[in-house]
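Under our numbering, the first residue of the sequence shown is numbered 23, with each subsequent residue one higher. Glycine included, each C-beta is placed from N, C-alpha and C at the ideal position. Here is the structure we will look at, set down as C-alpha cells.
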Amino acid sequence: MSKKISGIAASEGIAIAKAYLLVEPDLSFEDKEVLDAESEIKHFHNALEQSKVELTKIRDHAEVKLGRDKAQIFDAHLLVLEDPELIQPIEAKIKDESKCAMTALNEISTQFIQIFESMDNAYMQERAADIRDVSKRILGHLLGISLPNPSMINEESIIIAHDLTPSDTAQLNKDFVYGFVTNIGGRTSHSAIMSRSLEIPAVVGTKSIVSEVQNGDMIIIDGLNGDVIINPSDDELKHYQSLQAAHLEEKAALRELKDQDTKSKDGVKVELAANIGTPNDLEGVKHNGAEGIGLYRTEFLYMDNDTLPSEDVQFEAYKKVLEEMDGKPVVVRTLDIGGDKSLPYLDLEEEMNPFLGYRAIRLCLDQPEIFKPQLRALLRASVYGNLKIMFPMVATVQEFRDAKAMLLAEKEDLIQSGYEVSDDIELGIMVEIPATAALADVFAKEVDFFSIGTNDLIQYTMAADRMSESVSYLYQPYNPSILRLIKQVIDASHQEGKWTGMCGEMAGDETAIPLLLGLGLDEFSMSASSILKARNLIQQLNQSDMKSLVEKALNVATMEEVQSLVASYTKQ
Numbered sequence: 023m024s025k026k027i028s029g030i031a032a033s034e035g036i037a038i039a040k041a042y043l044l045v046e047p048d049l050s051f052e053d054k055e056v057l058d059a060e061s062e063i064k065h066f067h068n069a070l071e072q073s074k075v076e077l078t079k080i081r082d083h084a085e086v087k088l089g090r091d092k093a094q095i096f097d098a099h100l101l102v103l104e105d106p107e108l109i110q111p112i113e114a115k116i117k118d119e120s121k122c123a124m125t126a127l128n129e130i131s132t133q134f135i136q137i138f139e140s141m142d143n144a145y146m147q148e149r150a151a152d153i154r155d156v157s158k159r160i161l162g163h164l165l166g167i168s169l170p171n172p173s174m175i176n177e178e179s180i181i182i183a184h185d186l187t188p189s190d191t192a193q194l195n196k197d198f199v200y201g202f203v204t205n206i207g208g209r210t211s212h213s214a215i216m217s218r219s220l221e222i223p224a225v226v227g228t229k230s231i232v233s234e235v236q237n238g239d240m241i242i243i244d245g246l247n248g249d250v251i252i253n254p255s256d257d258e259l260k261h262y263q264s265l266q267a268a269h270l271e272e273k274a275a276l277r278e279l280k281d282q283d284t285k286s287k288d289g290v291k292v293e294l295a296a297n298i299g300t301p302n303d304l305e306g307v308k309h310n311g312a313e314g315i316g317l318y319r320t321e322f323l324y325m326d327n328d329t330l331p332s333e334d335v336q337f338e339a340y341k342k343v344l345e346e347m348d349g350k351p352v353v354v355r356t357l358d359i360g361g362d363k364s365l366p367y368l369d370l371e372e373e374m375n376p377f378l379g380y381r382a383i384r385l386c387l388d389q390p391e392i393f394k395p396q397l398r399a400l401l402r403a404s405v406y407g408n409l410k411i412m413f414p415m416v417a418t419v420q421e422f423r424d425a426k427a428m429l430l431a432e433k434e435d436l437i438q439s440g441y442e443v444s445d446d447i448e449l450g451i452m453v454e455i456p457a458t459a460a461l462a463d464v465f466a467k468e469v470d471f472f473s474i475g476t477n478d479l480i481q482y483t484m485a486a487d488r489m490s491e492s493v494s495y496l497y498q499p500y501n502p503s504i505l506r507l508i509k510q511v512i513d514a515s516h517q518e519g520k521w522t523g524m525c526g527e528m529a530g531d532e533t534a535i536p537l538l539l540g541l542g543l544d545e546f547s548m549s550a551s552s553i554l555k556a557r558n559l560i561q562q563l564n565q566s567d568m569k570s571l572v573e574k575a576l577n578v579a580t581m582e583e584v585q586s587l588v589a590s591y592t593k594q
C-alpha cells in the first residue's frame, strides 16, 4: 500500500525512481575472542582488498567528474590501506591477543588518530581524518556493510537522507540521481539551493522520510507541491507520469525564451542572472539563457577541499567561469564561511549564535592569510572576463573600506610582480544586515553596487532563524517591513547612479518578482532553473502598473495583504 509524506517543495519537477538511502550505517559490533587467528587475519586482508577496489573506483570516478585535485584525497586513503605501520599492529593483536579483527582495527586506528590529532602540524592532523575514514570503510567490509557514496550511484535513483551537505550535493550525478528527499531543511537551506542549481526535483523538511523508506522502494517526488509518494499504486504512478510529461512540456515551451531580452511589457529592461556554486554549474547557466552570474558562491571551492585551496587552484576556477561567460558580468562573492557553513580544517570556536558570529567578511579581515590568496586569484583572473567582486556580511562602512584597501594593496603588489590586472572591476557589498540597509545612502557613495541577500536579510529583520521549522512562519519575504528595506537600498543606489541586484531566493519568487520590478530592481539573480519562468513573467508585466502595486504594498500591515494585492494586479 502506498504512503504519502509531505514536506517543503525545494526544487520543481516530478521524479520517479527507486530509493537510495544515504545514511550512516550502524557499524557497532560485539567484541569476541578469536580461536582461529589465521582465519581472522585472512578475513582482515579480504576487507583491505575490498576497500582498495572500492576506493580505486571512487578515486577514478572523482578524477573524471571533479578533477585530479579532488581525487588526490583517495590516493592518500589508498596509501593508508598499504601502510605496514597500521596493518602489522592489527595483525599482532589478532595473533597475540586473540582479538577479533574489528576490535584490533578499532584499537590501533584510535591510537593513530589520537597521536595525529595531538600534533601541532596541520598536515599531520589531516592524516587523522584519513585514518578515520579508511578505518570506517574497512570496518564496514569486516561487518559485510557497504558505506553509501553518492558519487558512485550508477542507476536511476532518488536520494533519501537526513540532510545533504553541500559537498554531497555537488557530487550527485544528474545522469542517475533524479531527485532527493530529506528529513530537515527549508527552501533556503544549502541542499535546497544546490538542488535547484542541479535542476533536479527535491522535497526537504519531511521530518521522517529516512525512517519511512527502505533501499529499493519506488519513490515519487512531487517537487511542485512538496509531496513524496512511497511505493505508489498503478493509478498514482500513471497520474504522476502525466504530471511529469506536462511539466516537461511547459519547460520545453519556456526554452523558446532562452535567447530573448528580459523586458517588461512597457519596454523596461532588467538583467536575469544565475547563482552558481562551482564552475560545473555553468552548463545550467547557459542552458537557461542567463544574462550573467549574479552570485558565484566561492565557499564551495573551500568546502570541497581538505585544506585551504591555493591561490593557483582558485585562479583556475575563477578564470574558467569568466572565460566561459564570454564577457557577460560575473559577480563573485568572497569567502562566506560561518553560520551554517563550516570548514573542518579551520579550527574555529563553536559559537552560541553562529549566524551572528565570526563569519564571512569578519573572518576574512581577521585572517588575511586566508583572504589575500583569494583576492590575488580574483585579481589575476579579472583580465579573462567581466569581473565584479562583492564582500558578504558587511555591517559597517569601515569593513568595506578595509576590504577594499586590502584588495587594492594586493592589486598593486601583483602589478609590481608583472601580472596583468583589469582596471574595470566593480566592488560591491551584500546587503543582508538591516543596519547596512538603514545606512544604504552612505554606503552608496562608496560602493559600485549592492546585491541584496534576502535569505539572511529576512531572518535578521524578523529575528527568526530560517533553518528553524518552529518559526518558519516568520520567514516572510513579502512582509511590508522587508519591502521597505529593499526600497531604501534600491533608491539609495539609484540616487548615486549605482545599481542594485538581488541574489537571495526572493529574486526568483513568482510572487516577489512583480514587487521587485515595481521597486526598480536592476538585476535579479536566481537558480538557473528559475530564469526562463521569471523572464516569461516579467515579459507579461508593465513596470508602471507594478509601481502602483508597490505604493499600495508598502502601506499595508501584513504579508497576506501584500500577497492578495500581487494576485489582484497580476490577474488583470
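Q) Can you name the start and end residues of the alpha helix (DSSP H) that Met568 belongs to? A) Indexing the sequence shown from 1 puts residue 568 at position 546. It spans 565 to 575 - the alpha helix (DSSP H) in which Met568 sits, taken as one unbroken run.
Q. Can you tell me whether DSSP reads Asp536 as helix, strand or coil?
A. If you number the sequence shown from 1, residue 536 lands on position 514. Here residue 536 turns out to be Pro, not Asp, going by the sequence shown. Helix.
Q) Taking just the CA atoms, how far does Met489 sit from Leu70? A) What you label residue 70 is simply residue 48 of the sequence shown in a count that begins at 1. What you label residue 489 is simply residue 467 of the sequence shown in a count that begins at 1. About 41 Å.
Q: Determine, using beta carbons only, whether Thr217 and Phe202 come nearer to each other than 8 Å.
A: Position 195 of the sequence shown holds residue 217. Position 180 of the sequence shown holds residue 202. It should be noted that the sequence gives Ser, not Thr, for residue 217. Their beta carbons are under 8 Å apart, which means Ser217 touches Phe202 by this criterion.
**Q.** Thr522, enclosing beta strand (DSSP E) - first and last residue
**A.** Numbered from 1 along the sequence shown, position 500 holds the residue referred to as residue 522. Thr522 -> beta strand (DSSP E) spans 521 to 524.
Q. For Met528, which residues does DSSP report across the bridge?
A. The residue you call residue 528 lines up with position 506 of the sequence shown. Per DSSP, none; premise fails for Met528.
Q | Check whether Gln4 and Leu357 have beta carbons under 8 Å apart | A | Outside the displayed range of the chain (23 to 594) lies residue 4, so it cannot be described from this structure.
Q) Under the three-state reduction of DSSP, which class applies to Gly360: helix, strand or coil? A) The residue you call residue 360 lines up with position 338 of the sequence shown. Three-state DSSP puts Gly360 in a strand.
Q: Please list, in chain order, all residues of the same chain as Asn564 whose beta carbon is under 7 Å from its beta carbon, the five residues on each side excluded.
A: Along the sequence shown, one-based indexing puts residue 564 at 542. Close CB contacts of Asn564 within its chain, under the 7 Å cut and outside five residues either way in sequence, are with Ser286, Lys287, Asp288 (chain order).
Q) Per DSSP, what kind of secondary structure is Val199 in: helix, strand or coil? A) As a position in the sequence shown, residue 199 is number 177, starting the count at 1. DSSP places Val199 in strand when its eight states are reduced to three.
Q.
Contact between the region 75 to 87 and the region 156 to 174 is defined here as three or more beta-carbon pairs at a separation below 8 Å; is this criterion met?
A. The region 75 to 87 makes contact with the region 156 to 174: 3 or more CB pairs, one atom from each, lie closer than 8 Å.
Q) Skipping 5 residues on each side, what residues in its chain have a beta carbon closer than 8 Å to that of Val584? A) For this step, residue 584 is matched to residue 562 along the sequence shown. Closer than 8 Å at the Cβ level, and outside the excluded window around Val584, lie Tyr500, Asn501, Pro502, Leu505, Leu537, Ala575, Val578.
Q) So, helix, strand or coil for Gly306, using DSSP? A) Position 284 of the sequence shown, counted from the start, is the residue given in the question as residue 306. Gly306: helix per DSSP, three-state reduction.
Q) Cβ atoms of Ile137 and Ala59: under 8 Å apart, would you say? A) As a first step, residue 59 must be located in the sequence shown, where it is residue number 37. As a first step, residue 137 must be located in the sequence shown, where it is residue number 115. Going by C-beta atoms, Ala59 is not nearer than 8 Å to Ile137.
Q: Kindly confirm or deny that the region 515 to 526 and the region 545 to 552 touch, where touching means at least three C-beta pairs closer than 8 Å.
A: yes
Q: Please say whether Lys426 and Val461 have beta carbons closer to each other than 8 Å?
A: Taking the sequence shown and counting its residues from 1, the one referred to as residue 461 is at position 439. Taking the sequence shown and counting its residues from 1, the one referred to as residue 426 is at position 404. Note that residue 461 corresponds to Leu in the displayed sequence, not to Val. No; because the gap between Cβ atoms is not below 8 Å, this pair is not in contact.
**Q.** Nonlocal neighbours in the same chain, by C-beta distance under 8 Å from Leu108, ignoring five residues either side
**A.** Reading the sequence shown from its first residue, position 86 is the one you call residue 108. Around Leu108: Val102, Ile130, Ser131, Phe134, Ile153.
(Q) Quick check: what's the CA-CA separation for Val511 versus Ser364? (A) Indexing the sequence shown from 1 puts residue 511 at position 489. Indexing the sequence shown from 1 puts residue 364 at position 342. Val511 and Ser364: Cα-Cα distance of roughly 30 Å.
Q. What distance in whole Å lies between the Cβ atoms of Gln72 and His184, which are believed to be in contact at a cut-off of 8 Å?
A. Stepping through the sequence shown from its first residue, residue 184 is reached at position 162. Stepping through the sequence shown from its first residue, residue 72 is reached at position 50. 26 Å between Cβ atoms; not a contact.
Q. Does the distance from the CB of Leu344 to the CB of Ala403 come in under 8 Å?
A. In the sequence shown, counting from the first residue as 1, residue 344 sits at position 322. In the sequence shown, counting from the first residue as 1, residue 403 sits at position 381. Yes, they are a contact pair.
Q. Going by alpha carbons, who is nearest to Arg209 out of Ser570, Gly530, Asp328, Gln562?
A. Counting from one through the sequence shown, the residue named residue 209 turns up at place 187. The shortest C-alpha separation from Arg209 is found at Gly530.
Q: Have a look at Gly407 and Leu436 and give me their C-alpha separation to the nearest angstrom.
A: Start at 1 with the first residue of the sequence shown, and residue 407 comes out as number 385. Start at 1 with the first residue of the sequence shown, and residue 436 comes out as number 414. In a straight line, the C-alpha of Gly407 is about 18 Å away from that of Leu436.
Q | Among Asp303, His65, Asp328, nearest to Leu317 - alpha-carbon criterion | A | On the sequence shown, position 295 is the one that residue 317 refers to. It is Asp303.
Q | Inter-residue spacing [alpha-carbon to alpha-carbon] between Ala431 and Lys394 | A | Within the sequence shown, numbered from 1, the residue matching residue 431 stands at position 409. Within the sequence shown, numbered from 1, the residue matching residue 394 stands at position 372. If I take the Cα positions, the gap works out to 10 Å.
**Q.** Neighbourhood of Gln266 by C-beta, 6 Å cutoff - its chain only, sequence neighbours within 5 removed
**A.** For the purposes of this step, residue 266 is identified with residue 244 of the sequence shown, where counting begins at 1. Excluding sequence neighbours, Gln266 sits near Ile36.
Q: May I have the straight-line CA-CA distance separating Leu279 from Val225, to the nearest angstrom?
A: To locate residue 279, count along the sequence shown from 1; it is residue 257. To locate residue 225, count along the sequence shown from 1; it is residue 203. So the alpha carbons of these two residues sit roughly 27 Å apart.
**Q.** For Asn327, the three-state DSSP class (helix, strand or coil)
**A.** Sequence index remark: in the sequence shown, residue 327 carries index 305 (1-based). Asn327 falls in the coil class under three-state DSSP.
Q. Do you know how far the Cα of Leu270 is from the Cα of Leu596?
A. The shown model of the chain, from 23 to 594, leaves out residue 596, and the question about it has no answer.
Q) Based on the DSSP output, what are the partners of Ser28 in its beta bridges? A) Sequence index remark: in the sequence shown, residue 28 carries index 6 (1-based). According to DSSP, Ser28 bridges with Asp249.
Q. What are the boundary residues of the beta strand (DSSP E) that Glu278 is part of?
A. The residue labelled residue 278 in the question sits at position 256 within the sequence shown. First-last for Glu278: undefined, no H or E at that position.
Q: Please state whether DSSP places Asn128 in a helix, a strand or coil.
A: Numbered from 1 along the sequence shown, position 106 holds the residue referred to as residue 128. Looking at Asn128 - three-state DSSP - the assignment turns out to be helix.
Q: Could you tell me which residues DSSP puts in a beta bridge with Pro351?
A: Here residue 351 refers to the residue found at position 329 when the sequence shown is read from its first residue. DSSP output for Pro351 lists Asn408 as bridge partner(s).
Q: Can you have a look at Tyr262 and say buried or exposed, based on whether 16 or more other CB atoms are within 10 angstroms of its CB?
A: Taking the sequence shown and counting its residues from 1, one reaches residue 262 at position 240. Tyr262 should be labelled buried.
Q.
Measuring straight from C-alpha to C-alpha, what distance separates Leu401 and Val335?
A. Counting from 1 along the sequence shown, the entry for residue 401 is found at position 379. Counting from 1 along the sequence shown, the entry for residue 335 is found at position 313. The alpha-carbon atoms of Leu401 and Val335 are separated by roughly 14 Å.
Q) Under a three-way DSSP split, which group does Lys593 fall into? A) Residue mapping note: residue 593 aligns to position 571 of the sequence shown, counting from 1. The answer is coil: DSSP assigns Lys593 none of H, G, I, E or B.
Q) Is Ser33 near Pro172, with beta carbons less than 8 Å apart? A) As a working mapping, residue 33 is identified with position 11 in the sequence shown. As a working mapping, residue 172 is identified with position 150 in the sequence shown. Against a cut-off of 8 Å, the Cβ pair of Pro172 and Ser33 comes out as no contact.
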